[in-house]
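Q: With this note's numbering applied, the sequence shown closes on residue 464, and no number is skipped along the way.
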Amino acid sequence: MPIDFYSEFDSPKTVEAIADALRAGGHQVHCVEANDDLPKWFLTHEVDVVFNIAEGLHGAHRESQVPAILESLGIPFTGSGSLTLALALDKAKTKQVLTYEGVPTPCWQLLATSTTPLDSRLRFPLIVKPNGEGSAKGIWRESVVQDAPALRQQVARIHEQYRQEALVEEFIDGTEVTVGILGGQAPEVLPILEIDFSSCQHSGEFFYSWRMKEYQGNAAMGLNPTLHCPARISAEMTARIQEVALRAHHALGCRDLSRTDIRLSADGVPFVLEVNPLPGLDPTESNFPVMTNAAGVSYDALINRLVDLALMRSRLRWASHHLSDIPVQTGDHKPSARTQEPMGGSLGVGQQEDGS
Ligand SMILES: Nc1ncnc2c1ncn2[C@@H]1O[C@H](COP(=O)(O)OP(=O)(O)O)[C@@H](O)[C@H]1O
Ligand SMILES: [Mg+2]
Numbered sequence: 109m110p111i112d113f114y115s116e117f118d119s120p121k122t123v124e125a126i127a128d129a130l131r132a133g134g135h136q137v138h139c140v141e142a143n144d145d146l147p148k149w150f151l152t153h154e155v156d157v158v159f160n161i162a163e164g165l166h167g168a169h170r171e172s173q174v175p176a177i178l179e180s181l182g183i184p185f186t187g188s189g190s191l192t193l194a195l196a197l198d199k200a201k202t203k204q205v206l207t208y209e210g211v212p213t214p215c216w217q218l219l220a221t222s223t224t225p226l227d228s229r230l231r232f233p234l235i236v237k238p239n240g241e242g243s244a245k246g247i248w249r250e251s252v253v254q255d256a257p258a259l260r261q262q263v264a265r266i267h268e269q270y271r272q273e274a275l276v277e278e279f280i281d282g283t284e285v286t287v288g289i290l291g292g293q294a295p296e297v298l299p300i301l302e303i304d305f306s307s308c309q310h311s312g313e314f315f316y317s318w319r320m321k322e323y324q325g326n327a328a329m330g331l332n333p334t335l336h337c338p339a340r341i342s343a344e345m346t347a348r349i350q351e352v353a354l355r356a357h358h359a360l361g362c363r364d365l366s367r368t369d370i371r372l373s374a375d376g377v378p379f380v381l382e383v384n385p386l387p388g389l390d391p392t393e394s395n396f397p398v399m400t401n402a403a404g405v406s407y408d409a410l411i412n413r414l415v416d417l418a419l420m421r422s423r424l425r426w427a428s429h430h431l432s433d434i435p436v437q438t439g440d441h442k443p444s445a446r447t448q449e450p451m452g453g454s455l456g457v458g459q460q461e462d463g464s
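(1) Nearest-angstrom Cα distance between His358 and Cys215?
(2) Report the CB separation of Phe279 from Val252 in whole angstroms; it is logged as a contact under 8 angstroms.
(3) Heavy atom of ligand 2 less than 7 angstroms from the Cβ of Glu382, yes or no?
(4) Assess contact between the region 410-422 and the region 227-243, defined as three or more Cβ pairs (one per stretch) separated by less than 8 angstroms. Is contact present?
(5) Please tell me whether, using a cut-off of 7 angstroms, the distance from the CB of Tyr270 to the nearest non-hydrogen atom of ligand 2 is below it.
(6) Under 7 angstroms: does the beta carbon of Asp369 sit that close to some heavy atom of ligand 2?
(7) Measure the C-alpha to C-alpha separation of Asp440 and Thr192 and round it to an integer number of angstroms.
(8) Say whether the region 246-263 touches the region 180-195, bearing in mind that this needs 3 or more beta-carbon pairs closer than 8 angstroms, one atom from each stretch.
(9) Which residues in the same chain have their Cβ closer than 7 angstroms to the Cβ of Ala294, if we skip the five residues on either side of it in sequence?
(10) Check whether the Cβ of Ser428 sits closer than 7 angstroms to any heavy atom of ligand 1, and report yes or no.
(11) What is the C-beta distance between Leu331 and Thr202, in whole angstroms, given that I count them as a contact (C-beta under 8 angstroms)?
(12) Taking 7 angstroms as the cut-off, is the C-beta of Glu393 nearer than that to any heavy atom in ligand 1?
(13) Mind checking Arg231: buried by the 16 CB within 10 Å criterion, or exposed?
(14) To the nearest angstrom, report how far apart Asn160 and Asn401 are at their CA atoms.
(15) Just mark Ala151 as buried or exposed, buried being the case when its beta carbon has 16 or more other beta carbons within 10 Å.
(16) For ligand 1, any of its heavy atoms closer than 7 angstroms to the Cβ of Phe315?
(17) Quick check on the DSSP output: what are the complete alpha helix (DSSP H) runs of length 4 or more inside the region 138-195, in order along the chain?
(18) What does DSSP give as the partner residue(s) for Pro238 in the beta ladder?
(19) Spell out whether any CB of chain C is found under 8 angstroms from the CB atom of Leu381.
(20) Taking the continuous beta strand (DSSP E) assigned at Gln217, which residues delimit it?
(21) What residue from Thr283, Glu250, Gly312 and Ser243 has the CA that sits closest to Met345's CA?
(22) What's the gap between the Cα of Glu302 and the Cα of Arg363?
(23) Just the C-alpha distance for Lys442 and Ser422, rounded to the nearest angstrom, thanks.
(24) Is the CB-CB distance between Ile338 and Ile300 below 8 angstroms?
(25) Considering only residues of the same chain and omitting the five flanking positions on each side of Ser444, which have a CB-CB separation below 8 angstroms?
(26) Hey, would you say the C-beta of Gly404 is under 7 angstroms away from at least one heavy atom of ligand 1?
(27) If we ignore side chains and look at the alpha-carbon of each, how far apart do Ser311 and Met329 end up?
(28) Shortest alpha-carbon distance to Asp369 belongs to which of Gly376, Ala353, Val377 and Asp375?
(29) Would you kindly report the start and end of the unbroken alpha helix (DSSP H) that includes Thr202?
(30) Beta strand (DSSP E) containing Ile303: first to last residue?
(31) For Leu197, tell me which candidate among Gly133, Pro257, Trp149 and Gln272 has the shortest Cα-Cα distance.
(32) When you measure from the CB of Pro378 to every non-hydrogen atom of ligand 1, does any distance come out below 7 angstroms?
(33) Look at the alpha carbon of Ala374 and the alpha carbon of Asn412, and state the distance between them as a whole number of angstroms.
(34) Verify whether the separation of the beta carbon atoms of Glu171 and Glu163 is less than 8 angstroms.
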């Protein structure tokens with residue numbers, strides 16, 4: 109089992125912080141473990157809305173599984189739907205969609221076997237990552253490679269340890285930013301967060317490796333990047349990045365919130381590395397709350413805003429169903445009570461893994 113096997117899971121501290129924020133917002137909260145018993149729980153308990161932070165346990169599409177269950181039961185939940193969550197977990201498929209939508213993303217290739225020939229158009233240095241992980245799992249200092257032998261070594265490591273295709277990408281050696289988006293119909297871009305790795309020379313790590321994320325702030329290990337929010341970039345570059353991040357958010361069909369990781373090339377192109385529709389929400393350690401905080405939105409306000417967005421979406425859907433002639437469901441089922449007007453009150457909170 110790789111050392112980073114459990115890294116996606118959120119700490120109980122994050123779950124508690126979210127539950128506390130919801131209680132402060134006047135809600136009654138049930139914390140529900142996102143394990144195999146979860147479907148049964150929702151069949152035997154009535155809730156108005158779920159604050160979804162579950163990444164799921166099994167398989168390549170794990171983040172989409174709890175949302176798919178809730179969708180099938182007609183229970184409103186915060187954040188993106190199952191399609192978006194499954195898509196964003198597949199970095200290469202995400203890049204195909206981004207490319208189709210004209211969003212810049214580094215040139216790449218998927219290597220399914222250790223002997224798959226490298227596309228001669230790719231230029232070193234390259235970075236090798238597992239195609240279907242998050243939280244920098246499988247990303248080490250050695251993942252950035254300068255030549256073919258080192259590339260082969262890293263590709264083999266991904267295959268052996270993570271049992272999946274290796275995504276090989278051109279390494280963009282420029283400023284790293286991450287861009288938060290929050291809102292419903294007309295979502296807004298939060299102040300851009302710059303992650304400056306120049307203070308990490310001691311470790312020789314100059315990007316968000318697994319060690320960098322795991323030990324972030326440890327100056328003795330040289331894993332203490334400096335965060336700047338808003339980023340130290342021109343107004344023109346800010347506008348360019350905002351536009352790219354919004355396009356990425358919409359291209360993947362994200363709802364309520366997303367966090368897009370971007371690297372700026374030397375000639376000022378914001379290259380999207382990935383989109384996180386389920387960003388980490390640790391109140392002190394995750395990047396998304398840093399950005400909402402810079403926008404003047406407290407942690408409690410952020411959490412309750414997400415619930416309001418989910419409830420509003422469900423009310424709009426209910427209204428449009430009842431105002432049009434389109435049947436809510438076909439077949440034998442009558443619309444369940446859950447698809448009708450939510451009354452406010454209890455909330456389910458899914459146990460989570462961290463999406464960053
Ligand atoms: N093509 C790239 N160029 C430069 N840095 C990259 C590239 N791809 C990944 N990285 C670095 O690795 C980190 C993690 O990669 P990312 O694709 O965001 O995976 P994860 O889902 O694990 O966060 C990024 O935040 C960045 O620091
Ligand atoms: Mg990332």
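Glycine is no exception: its CB is placed at the ideal position from the N, C-alpha and C atoms.
A: On the basis of the coordinates in this document:
(1) 21 angstroms
(2) 5 angstroms
(3) yes
(4) With the cut-off at 8 angstroms, the region 410-422 and the region 227-243 do not touch.
(5) no
(6) yes
(7) No answer about Asp440 holds up, because its pLDDT of 40 lies below 50 and its placement is not dependable.
(8) no
(9) Cβ neighbours of Ala294 within its own chain (closer than 7 angstroms, five residues either side excluded): none.
(10) no
(11) About 27 angstroms; that fails the 8 angstroms criterion.
(12) no
(13) exposed
(14) 21 angstroms
(15) The amino acid occupying residue 151 in the given sequence is Leu; Ala does not appear at that position. Leu151 comes out exposed.
(16) yes
(17) Complete alpha helix (DSSP H) runs here, min 4: 146-152 and 173-181.
(18) Ala274
(19) The structure shown contains no chain C; it is built from a single protein chain.
(20) Trp216 to Leu219
(21) Thr283
(22) 23 angstroms
(23) Residue placement at Lys442 is flagged as unreliable, the pLDDT there being 38, under the threshold of 50; a coordinate-derived value is accordingly withheld.
(24) The sequence shown places Pro at residue 338, not Ile. A contact, by the Cβ cut-off of 8 angstroms.
(25) A caution first: Ser444 carries a pLDDT of 36, below 50, which makes its placement in the model too unreliable to give a value.
(26) No, ligand 1 has no heavy atom inside 7 angstroms of this Cβ.
(27) The alpha-carbon separation between Ser311 and Met329 amounts to approximately 6 angstroms.
(28) Ala353
(29) Under the DSSP assignment, Thr202 falls in the alpha helix (DSSP H) whose first and last residues are Lys199 to Tyr208.
(30) Leu301 to Asp304
(31) Gln272
(32) no
(33) 40 angstroms
(34) Result yes, Cβ atoms of Glu171 and Glu163 sit closer than 8 angstroms.
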